[in-house]
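Peer 1: Counting in our numbering, the sequence shown runs from 135 upward without gaps.
Beta carbons: idealized from backbone N, C-alpha and C, even for Gly.
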Amino acid sequence: METIHEVGSFLDTSGVVIHNRNKNSILHVAIDLFSQSGFNAVSIRDITREVGIKESSLYNHFKSKAVILETIYYNFRMDIAKIIPPLGSLDAIVSSMNIDVFLTQGFQNFLEHIQNPKMEKIWRIIYLEQVRDQEARAIYLNDIVDGICDCMAIVFEKYIALKQIQPHDPRMLSVSYQYPLFQMANIYVLRRLDGQGTTDVEQMMLAHIHFFLSMVRVK
135 METIHEVGSF LDTSGVVIHN RNKNSILHVA IDLFSQSGFN AVSIRDITRE
185 VGIKESSLYN HFKSKAVILE TIYYNFRMDI AKIIPPLGSL DAIVSSMNID
235 VFLTQGFQNF LEHIQNPKME KIWRIIYLEQ VRDQEARAIY LNDIVDGICD
285 CMAIVFEKYI ALKQIQPHDP RMLSVSYQYP LFQMANIYVL RRLDGQGTTD
335 VEQMMLAHIH FFLSMVRVK
């Protein structure tokens, strides 16, 4: 397996930027290894061998392998939060762009997130660990599915008030819009992880956005 020692800093679980080079390297290598083999199959020795440090040195930075995974999850949650508009800013955002632009921009934000090599690998970790790890399930169900659907229900309610879309139940609009995109996003992630093309998936996601708009836009 090719090991990629990426550059870039992570946050610790209190939200503080990690400046220590070895600590960042441990996280990069752990993401690479966990995404390939799963958390349980990777040992501390595997991680330190790839980083090029002694096993004892790792414990200067992390108390356990579980804390490494917790830190990875925290950084993923922070990145997911960036693609969900802050609730306090929604009025200004919605009033500044029509529904077509809002949904298309949201799609582009997702692509930027998932095309980050670090985030791609963490998506795979989330998939691998969902059965074993309650925290991985919580991230997918709460941060991703519920977090995005809750936000979009508010967004659709605001666009209904602006008379840009038809007055249907905002929650049902959110579910009808997002659930197909979640499934297509899963396919997109798995295709990229396997080195396969994703152009057709991107086109289908855009087609879904346009189809949805054609069904709900005020004529």
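1. DSSP on residue 206, reduced to helix/strand/coil?
2. By a C-beta neighbour count over all protein chains shown, 10 Å radius and 16 as the cutoff for buried, is residue 263 buried or exposed?
3. Let's see if you can read the secondary structure: which residues bound the alpha helix (DSSP H) around residue 317?
4. Specify, as a first and last residue, the run of the alpha helix (DSSP H) that residue 230 falls within.
5. Is the beta carbon of residue 323 less than 9 Å from the beta carbon of residue 258?
6. Relative to the alpha-carbon of residue 311, which residue among 350, 167 and 251 has its alpha-carbon at the smallest distance?
7. Note down, in chain order, each residue of its chain lying with its Cβ closer than 7 Å to the Cβ of residue 145, except the 5 sequence neighbours on either side.
8. Just reading off the alpha helix (DSSP H) that residue 284 is part of, what are its end residues?
9. Taking the Cβ atom as the reference point for each residue, do residue 175 and residue 203 lie within a distance shorter than 9 Å?
10. Answer yes or no: do residue 307 and residue 237 have a C-beta to C-beta separation smaller than 9 Å?
11. Spatial neighbours of residue 335 within its chain, please: C-beta separation below 8 Å, excluding the five flanking residues on both sides.
12. With respect to the alpha helix (DSSP H) encompassing residue 167, which residues constitute its N-terminal and C-terminal limits?
13. When the Cα atoms are used, what is the spatial distance from residue 186 to residue 242?
14. Starting from residue 262 and walking both ways along the alpha helix (DSSP H), at which residues does that stretch end?
Peer 2: Straight from the coordinates:
1. helix
2. buried
3. 304–327
4. 224–230
5. yes
6. 350
7. Listed in chain order, the non-local C-beta contacts of residue 145 below 7 Å within the same chain comprise 151, 152, 208, 209 and 212, local neighbours out to five positions each way being set aside.
8. Counting along the chain, the alpha helix (DSSP H) containing residue 284 begins and ends at 281–295.
9. no
10. no
11. 318, 321, 322 and 325
12. 155–171
13. Cα atoms of residue 186 and residue 242: separation of roughly 37 Å, rounded to the nearest angstrom.
14. 251–263
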